[in-house]
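Start counting the sequence shown at 7; every next residue gets the next number (my numbering). Note that CB positions come from ideal geometry on N, CA and C, so glycine has one too. Reviewing the structure listed below.
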Amino acid sequence: MKIVVYGGIICVTILLIFANCITTQKANFTIEDLSGTWINEEYNAIEIPHDPKEVVTADEVLKSYEYISDREPNWTYKLSIGESWYDENGDIWFKCVWELMGLVAEVSPTYTYYSINKLSSSGTVRECCWKASDYPTEFSQLGGGYTTHYRQ
7 MKIVVYGGII
17 CVTILLIFAN
27 CITTQKANFT
37 IEDLSGTWIN
47 EEYNAIEIPH
57 DPKEVVTADE
67 VLKSYEYISD
77 REPNWTYKLS
87 IGESWYDENG
97 DIWFKCVWEL
107 MGLVAEVSPT
117 YTYYSINKLS
127 SSGTVRECCW
137 KASDYPTEFS
147 QLGGGYTTHY
157 RQ
């Protein structure tokens, strides 16, 4: 009887360890994985900080646009991807530092933003929760520092 109990405990322990590894598996996420055009048509009628179009380039630059139809960005950021990991659903989570490079037409002071992002397992939906002072401690749609964009 003790062998069965100990065997069961060992099996459960192994399963728990394996499950923990899956939920915290590191991802090798790079800026190339994020490159492309991202839009959210609902943001076309909302003021900053909800830009309806963002274009991420392989040289770590994100250009944000006030309207989807705009040809020139209103803000430009230098992106730095930090740690990344997979969750139990296969979504990729990653930390990112956004350094404001200024307006296109004029140079403005440099500001830094920190974000935690979730990229769907299909690679088509990116959710972003950001703060100006440090990485957010909560991933939430409340508080204004949250956006969702869809890959085009």
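For I122 versus W99, is the C-beta distance shorter than 8 Å? Translated into positions along the sequence shown, residue 122 becomes position 116. Translated into positions along the sequence shown, residue 99 becomes position 93. Yes. Within cutoff.
Less than 8 Å separating the beta-carbons of P79 and Y73? Within the sequence shown, the letter at position 73 stands for residue 79. Within the sequence shown, the letter at position 67 stands for residue 73. No. Outside cutoff.
Ends of the alpha helix (DSSP H) at E159? The displayed coordinates of the chain run from 7 to 158. Any statement about residue 159 would go beyond what the structure contains.
Please report the residue range of the beta strand (DSSP E) in which H155 lies. Residue mapping note: residue 155 aligns to position 149 of the sequence shown, counting from 1. Y152 to R157 is the extent of the beta strand (DSSP E) around H155.
Does DSSP put N46 in a helix, a strand or coil? Position 40 of the sequence shown, counted from the start, is the residue given in the question as residue 46. Three-state DSSP puts N46 in coil, outside helix and strand.
For V61, I'd like the list of residues in its chain whose CB is within less than 6 Å of its CB, leaving aside the five on either flank, ordered along the chain. Here residue 61 corresponds to residue number 55 of the sequence shown, with the count starting at 1. Same-chain partners within the cutoff: T43 and K69.
Neighbourhood of D140 by C-beta, 7 Å cutoff - its chain only, sequence neighbours within 5 removed: As a working note, residue 140 is residue 134 in the sequence shown. Within the same chain, D140 has close Cβ partners Y120.
Rounded C-beta distance between S41 and T63? I'm assuming under 8 Å. Position 35 of the sequence shown, counting from 1, holds the residue named residue 41. Position 57 of the sequence shown, counting from 1, holds the residue named residue 63. That belief holds up - the Cβ atoms of S41 and T63 are roughly 6 Å apart, short of 8 Å.
Going by other Cβ atoms of all chains shown within 10 Å of its Cβ, with 16 needed for buried, is N46 buried or exposed? On the sequence shown, residue 46 is found 40 positions in, with the first residue counted as 1. Classification for N46: buried.
Have a look at R157, T153 and Q158 and flag the residue whose alpha-carbon is nearest the alpha-carbon of D57. Numbered from 1 along the sequence shown, position 51 holds the residue referred to as residue 57. If we check each option's Cα against that of D57, T153 comes out closest.
Using a 10 Å radius around the Cβ and a threshold of 16 neighbouring Cβ atoms, would you call S146 buried or exposed? Numbered from its first residue, the sequence shown carries residue 146 at position 140. When all chains shown are included, S146 counts as exposed.
Contacts around R157, its chain only, beta-carbon distance under 8 Å, and the 5 residues preceding and following it disregarded: For this step, residue 157 is matched to residue 151 along the sequence shown. Once the five neighbours on either side are set aside, the close Cβ partners of R157 are G42, T43, W44, G129, T130, V131 and R132.
I need the boundaries of the beta strand (DSSP E) containing Y73, first residue and last residue. Along the sequence shown, one-based indexing puts residue 73 at 67. Note, Y73: premise wrong, no beta strand (DSSP E); not H, not E.
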